[in-house]
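The structure under discussion appears below in the form of structure tokens.
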Amino acid sequence: MSRAREYDLMVAMNGQTYARDIAEVTSGGFTMYDSSWPLDRDLIREDVTYLGVPLAEMCNDEFRGPRERILMKNIACAGALVAMLGIDMEVIAQLLTEQFAGKERLRESNQRALRLGHDFATSHFDHPLPCRIERMDATRGSMLIDGNTAAALGCVYAGATVAAWYPITPSTSLMDAFAKYCAKFRRDPETGRNNYLVLQAEDELAAIGMVLGASWAGARAFTSTSGPGISLMQELLGMGYYAEIPAVIFDVQRVGPSTGMPTRVQQADILACAYASHGDTKHVLLFPAHPAECFEMAPQAFDLAERFQTPVFVLSDLDIGMNDWVSPALEWDDSYVPDRGRVLDAGELRELEVFHRYEPADAESVAARTLPGVSELGAYFTRGSGHTIEGAYTEYPEEYQAVLDRLTRKHTAVAEHIPAPMVDDRAHAPLGIVTLGSCELAVLEAIELLGKREVTADYMRVRGFPFGAAVRAFLDAHDTIVVVEQNRDGQLRTLLTLETPVSKERLRSVLAYGGYPLSAEDVVEGVMKIVEA
Amino acid sequence: MPSIVKPIVTHPGLDRNALGLTIRDYEGGMSTLCAGCGHDSVTAAITHALWESDTPPHMIAKLSGIGCSAKTAAYFARGAHGFNGCHGRMPPIATGASAANRDLLCIGISGDGDSLSIGLGHLAHLVRRNVRMVYVIENNGVYGLTKGQFSASADVGSTTKRGEANHLQPIDPIFLGLSVGATFLARGFSGDKRQLVPIFRAAMAHRGLAVIDVISPCVTFNDHEGSTKSYLFTRQHDVQMTVADFVPPAEEISATIPSEGLVSIPMHDGATLRFRSVPDGYDPTDRIAVMEHLMSARSRGEIVTGILYIDEQSSDLHELGNTTDAPLTQVPYQKLCPGSAALTGVGFR
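Below, the structure written as structure tokens:
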């Protein structure tokens, strides 16, 4: 299930936002509020049931210090919710015991506050509410985890050793988690020394510079950032592309442009990443939809970056990254072997008559590279200035173009290594819905709802760029294609029209870009408008 | 930057270092800088110091940004990898390379535009991290490739070739370094190779970041009357604050190196830095005293050269990060991946 636009039960704790909060309650729903103060008459809705709990009053009577009186209102509120939603009080008491292990006084006061709210609710309201919590066994094979934690674990498992970053919401928790898991899994048990290094850079320019330097020297290196960081990294991203240096960049997208809304979600960095930097550039993108994919796509990103010697972006977003998801459980295949790409060792270099950095290229237009510290025979001068296929400086058009054209061919060759799109075309409908990333749940739910309105649609979630044959086949097979994404300008739609032969007229957009996660209603309404037009 | 292959001509009588290599083995491509450019002399001194240090060429990593200085990374150590990055961004790139492979001898070649304008922030943070590398600023006070604009190191009152005066305060990398915790600071003059070579030797042996500001005149745009970075002006105002000898580990003390220095600094790998001459009361390990001496020298209009400050005690990037002795690039994947079993403790199920 995706986010719903209206809420069955609103807990309104903040006087300043009462009006907005209460307006978002569904007809027939409930609002719980602090009844220590009367509710403004304007806020009363006929179709909403109000559950007034005198939280401040109760806590002022029960507790002493001003800090405790304020903090305990939240717990008392939680107690009332436990009662109204029919949650097992024992489970909550157990959680409190775990949370405040060793802090007996705190545990006791929290327990008291919880009971306070619970008892008030049970003695004043019909309980539980029609919307309630029920014990079920529907989460087998799932886990509760956020995307940033999962992505960080993916980097640990992929064998990343150098991480460089500049703190930015909403990607900070990714690097925090990486450092945490490295401290756990990467400290040599014998020496106590670290098999990793996390560098908190002075800015994002430095962060991507460190990643390029480390990758150039042979480490698996990555950075995590958000939109403003991507903007700052542009110049060096172009260098990574042109000088052919691997790099992995996690972009946990937030609302732009500019500072935008750092705590709200969007998918608006697609084009900025696809064509990052000045000059002709084209990058490799991966689009995870949930935490389990953040985990899986981390090693895939490193494999692609090293195999194709180029920066690879993993475009997660705030909703995936920072919120806890009921995600498919993370799974790791112990037979995984990192694809380090074509790297010549000292022995292989001795076999060669001469080493040139950018030739000969293989069938995928990738030439072997060498690492510093290995052999004089592999020495070369990495440069962002115009170069020949040998790696030497040039200003001659044909020599420059030979390299640039090979980069185009290389990018094209990546397409068949991108994770295949998730497709459900069992309906064989003339209408196809194309989406990406965290839109998935809302779109799948919407397709079900559309079915009830006798609108059938096939489904494709693209999982990366460049687009492969499967993406083109889906586009070819549908008369009308609706692209659902979370940005104003239809960036995925633009990318599809630019990078596949599909005609622009066949692609329609359904867009949500206010910063809240997409809801199924958004999609249904958008698709219906197109279908009924 | 054109890379013209230089013919390798080795005279049979050339001295060989401990690896059996001659100085020719540490040379690079042919310079395309202007004839008489100070940078070429710096290149020669670096080449000499590398040869003396017995470093295998493939263990050297040469890094640079953009500008005339950046080109020089191609002109020495042809057997080493080079990375000519973006303008001002060499410090983070070098940090990454050093993080990945701590065994590399990273040599960063930068200029005053690269280090003191567009990359000033990166330089300051490189100093703070104490990344183990040699960081050379080929300092000529002007932008050469873009035809002679003032850089951030131009002195107040110095003029361009056309006579316009600079009114902005200069940024002195030595004072910058002292204020943000640098552990090795030196200044040289490209016209004095005898002083530069031991400075580079000591810098290569230093445990941490060694910043060497080299006054390196631009013969095309900043060698006129009115310039304070010209050959003539620098010669007239150069005051060797310290004279130091680099004594490699376990080397017999030769007759040319006096047995007694005023100050002797043991370096971490057994080498010694012996100061032959320092002014009264000058202690190159005392940050505050050094700052005072340099301040008063500046007020006298002196261009102070020599190894000015050294701290062999502070931890470098890898010590601060508690990283393993083996370069991270050499840790086998089996040691990096916790394996599927470790996932059982992850997330709520």
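For the record, the sequence lines run as chains C and F.
Just so you know, our numbering puts the end of the first sequence at 541, numbered straight through with nothing missing.
Just so you know, our numbering puts the end of the second sequence at 356, numbered straight through with nothing missing.
Quick reminder that beta carbons are idealized off the backbone N, C-alpha and C, glycines included.
Treat the numbers as computed from the prediction; the structure is a model and nothing was measured.
For residue i, return the contacting residues in chain C, with the cut-off set at a CB-CB distance below 7 Å.
| i | result |
| --- | --- |
| leucine 350(F) | Leu338, Trp340 |
| arginine 31(F) | Per Cβ cutoff of 7 Å: no residues; arginine 31(F) is ~13 Å from chain C at best. |
| histidine 129(F) | Glu210, Ala214 |
| arginine 201(F) | Those do not exist, as arginine 201(F) stays about 29 Å from chain C at its closest Cβ, beyond 7 Å. |
Any beta carbon of chain C sitting closer than 8 Å to that of residue i?
| i | result |
| --- | --- |
| glycine 27(F) | no |
| tyrosine 150(F) | no |
| glutamate 259(F) | Low local confidence applies: a pLDDT of 49 at glutamate 259(F) is under 50, so the model's placement there is unreliable, and no value is given. |
| isoleucine 219(F) | no |
| phenylalanine 196(F) | no |
| valine 254(F) | no |
| phenylalanine 355(F) | yes |
| leucine 21(F) | no |
With 8 Å set as the bound, which would you pick, yes or no: does the beta-carbon of residue i sit closer than that to a beta-carbon of chain F?
| i | result |
| --- | --- |
| glycine 217(C) | yes |
| glutamate 384(C) | yes |
| valine 170(C) | yes |
| proline 346(C) | yes |
| tryptophan 224(C) | yes |
| glycine 60(C) | no |
| aspartate 96(C) | no |
| methionine 305(C) | no |
| methionine 18(C) | no |
| glycine 237(C) | no |
| tyrosine 174(C) | no |
| alanine 146(C) | no |
| arginine 358(C) | no |
| threonine 412(C) | Looking at the sequence itself, residue 412(C) is leucine, so the reference to threonine does not match. Closer than 8 Å: no. |
| alanine 193(C) | A small correction: the amino acid at residue 193(C) is phenylalanine; alanine does not occupy that position in the sequence shown. Closer than 8 Å to some Cβ of chain F, the Cβ of phenylalanine 193(C) qualifies, so yes. |
What residues of chain F sit near residue i, judged by a beta carbon separation below 7 Å?
| i | result |
| --- | --- |
| valine 623(C) | With chain C represented from 9 up to 541, any question about residue 623(C) goes unanswered, as that position is not in the structure. |
| phenylalanine 389(C) | Ser10, Ala81, Gly89, Asn91 |
| alanine 465(C) | The contacting residues do not exist; alanine 465(C) stays about 33 Å from chain F at best. |
Please go through the same chain and pick out, in chain order, the residues whose beta-carbon is closer than 6 Å to the beta-carbon of residue i, but skip the five residues on each side of it.
| i | result |
| --- | --- |
| methionine 305(C) | Leu294, Pro296, Val322 |
| proline 236(C) | none |
| alanine 217(F) | Val141, Phe191, Ala210 |
| phenylalanine 310(C) | Ala166, Arg228, Val256 |
| alanine 251(C) | Thr390, Gly392 |
Could you work out which residues of chain F lie near residue i, taking near to mean beta carbons separated by less than 9 Å?
| i | result |
| --- | --- |
| valine 351(C) | Those do not exist, as valine 351(C) stays about 10 Å from chain F at its closest Cβ, beyond 9 Å. |
| threonine 231(C) | Ordered by position in chain F, no residue passes the 9 Å Cβ test against threonine 231(C), which lies about 10 Å from the chain. |
| threonine 199(C) | Thr331, Asp332 |
| asparagine 203(C) | Thr330, Thr331, Ala333, Leu335, Val338, Lys342, Leu343 |
Just the chain C side, please: which residues come within less than 9 Å of residue i by C-beta, in chain order?
| i | result |
| --- | --- |
| lysine 13(F) | Under the 9 Å cutoff, chain C gives no residues; its nearest Cβ is about 13 Å from lysine 13(F). |
In chain C, which residues lie with their C-beta within 8 Å of the C-beta of residue i?
| i | result |
| --- | --- |
| histidine 132(F) | Ala209, Glu210, Ala214 |
| alanine 104(F) | Gly221, Ala222, Trp224, Ala225, Pro380 |
Residues in the same chain with beta-carbon distance under 8 Å from residue i, minus the five sequence neighbours each way, listed in chain order, please.
| i | result |
| --- | --- |
| glycine 126(F) | Gly72, His94, Gly95, Arg96, Met97, Pro98, Ser117 |
| glycine 246(C) | Ala284, Ser285, His286, Gly287, Thr289, Gly392 |
For residue i, which residues in the same chain have their Cβ closer than 7 Å to its Cβ, ignoring the five residues on either side in sequence?
| i | result |
| --- | --- |
| alanine 423(C) | Pro474, Phe475, Gly476 |
| serine 237(F) | Pro224, Asn229, Asp230, His231 |
| serine 105(F) | Leu111, Cys113, Val138, Arg139, Met140, Leu324 |
- [ ] Name, going along the chain, the residues of the segment 62–87 of chain F whose beta-carbon falls closer than 9 Å to a beta-carbon of chain C.
- [x] Within the segment 62–87 of chain F, contact with chain C at the beta-carbon level (separation under 9 Å) is assigned to Pro63, Pro64, His65, Met66, Ile67, Ala68, Lys69, Leu70, Ile73, Ala80, Ala81, Ala84, Arg85, Gly86, Ala87.
Task: Contact list for the segment 311–335 of chain C against chain F, Cβ threshold 7 Å - done: Identification of residues in the segment 311–335 of chain C having a C-beta nearer than 7 Å to some C-beta of chain F yields an empty set.
Task: Inter-stretch contact (C-beta, 8 Å, three-pair minimum) for the segment 55–68 of chain F and the segment 196–206 of chain F - done: Contact between the segment 55–68 of chain F and the segment 196–206 of chain F is present, because at least three Cβ pairs lie under 8 Å.
Open item on the list: Does the segment 109–126 of chain F come into contact with the segment 68–77 of chain F, if we say contact requires no fewer than three beta-carbon pairs (one atom in each stretch) closer than 8 Å?
Closed with: The segment 109–126 of chain F is in contact with the segment 68–77 of chain F.
Task: Cβ contact check for the segment 174–183 of chain C and the segment 76–83 of chain F: 3 or more pairs under 8 Å - done: No: fewer than three Cβ pairs fall under 8 Å.
Open item on the list: Closer than 8 Å is the cut-off here; do at least three beta carbon pairs connect the segment 330–346 of chain C with the segment 137–151 of chain C?
Closed with: When C-beta atoms of the segment 330–346 of chain C are compared with those of the segment 137–151 of chain C, three or more pairs fall below 8 Å, so the two segments count as touching.
TODO: Would you list, in chain order, the members of the segment 86–101 of chain F that have their beta-carbon closer than 7 Å to a beta-carbon of chain C?
DONE: Taking 7 Å as the upper bound on Cβ-Cβ separation, chain C lies near residues Gly86, Ala87, His88, Gly89, Phe90, Asn91, Gly92, Cys93, Arg96, Pro99, Ile100, Ala101 of the segment 86–101 of chain F.
Task: Residues, ordered as in the chain, of the segment 505–539 of chain C that lie near chain F by beta-carbon distance below 8 Å - done: Those residues of the segment 505–539 of chain C that come within reach of chain F (Cβ to Cβ, closer than 8 Å) do not exist; the list is empty.
Open item on the list: Under 9 Å, CB to CB, which of the residues in the segment 317–347 of chain F have a partner in chain C?
Closed with: The segment 317–347 of chain F vs chain C, Cβ under 9 Å: Leu324, His325, Gly328, Asn329, Thr330, Thr331, Asp332, Ala333, Pro334, Leu335, Thr336, Gln337, Val338, Tyr340, Lys342, Leu343, Cys344, Pro345, Gly346, Ser347.
- [ ] Check each residue of the segment 243–269 of chain C: if its Cβ is closer than 7 Å to any Cβ of chain F, include it; give the result in chain order.
- [x] Cβ contacts with chain F: Glu243, Leu244, Met247.
Task: the segment 79–92 of chain C touching the segment 114–123 of chain C, judged by at least three CB pairs closer than 8 Å - done: With the cut-off at 8 Å, the segment 79–92 of chain C and the segment 114–123 of chain C touch.
TODO: Pull out every residue of the segment 106–128 of chain F whose Cβ sits closer than 7 Å to any Cβ of chain C, in chain order.
DONE: Residues Ala106, Ala107, Asn108, Asp110, Leu111, Gly128.
Task: Touching by the beta-carbon criterion (3+ pairs, under 8 Å), the segment 428–444 of chain C and the segment 396–416 of chain C - done: In the pairwise beta carbon analysis, the segment 428–444 of chain C is classified as not touching the segment 396–416 of chain C: fewer than three pairs are separated by under 8 Å.
Task: Touching by the beta-carbon criterion (3+ pairs, under 8 Å), the segment 23–32 of chain C and the segment 92–106 of chain C - done: Inter-segment contact for the segment 23–32 of chain C and the segment 92–106 of chain C is absent: fewer than three beta-carbon pairs are separated by less than 8 Å.
TODO: Examine the Cβ distances between the segment 480–494 of chain C and the segment 528–540 of chain C and report whether three or more of them are shorter than 8 Å.
DONE: Judged by Cβ distances under 8 Å, the segment 480–494 of chain C makes contact with the segment 528–540 of chain C, as three or more pairs qualify.
Open item on the list: Tell me whether the segment 35–46 of chain F and the segment 16–26 of chain F touch, counting them as touching only if at least three CB pairs, one residue from each stretch, are closer than 8 Å.
Closed with: Not touching, per the Cβ criterion.
Open item on the list: Quick check: the segment 218–226 of chain C against the segment 185–203 of chain C, are at least 3 beta-carbon pairs closer than 8 Å?
Closed with: Counting Cβ pairs under 8 Å, fewer than three are found: no touch.
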